[in-house]
Amino acid sequence: GAGLGLAIVRGIVEAHRGRATVRNIPGGCCFEVTLPTAP
Numbered sequence: 063g064a065g066l067g068l069a070i071v072r073g074i075v076e077a078h079r080g081r082a083t084v085r086n087i088p089g090g091c092c093f094e095v096t097l098p099t100a101p
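Residue numbering for the sequence shown follows our numbering, starting at 63 and increasing by one per position.
What follows is the structure, encoded as C-alpha cells:
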C-alpha cells in the first residue's frame, strides 16, 4: 500500500502519548506499539 495505515496508527498512538515503531527483521518487519498505563 501507500503506507497510509502506518501514518494513521502512529497519529492515534501518539495522541494517547504512546509510541509506534517499525523495524526490519529477517523475512519481514516488526511493528511495535507502546502505550502508557492509566494513572
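Glycine included, each C-beta is placed from N, C-alpha and C at the ideal position.
- Assignment of ALA69 by DSSP, reduced to helix, strand and coil, places it in the helix class.
- Contact between ARG81 and THR99 does not hold, since their C-beta atoms are separated by about 14 Å, which reaches or exceeds 8 Å.
- Taking a C-beta distance under 7 Å as the contact criterion, THR83 and GLU94 qualify as a contact pair.
- As the crow flies, the alpha-carbon of ARG79 is around 19 Å from that of GLY67.
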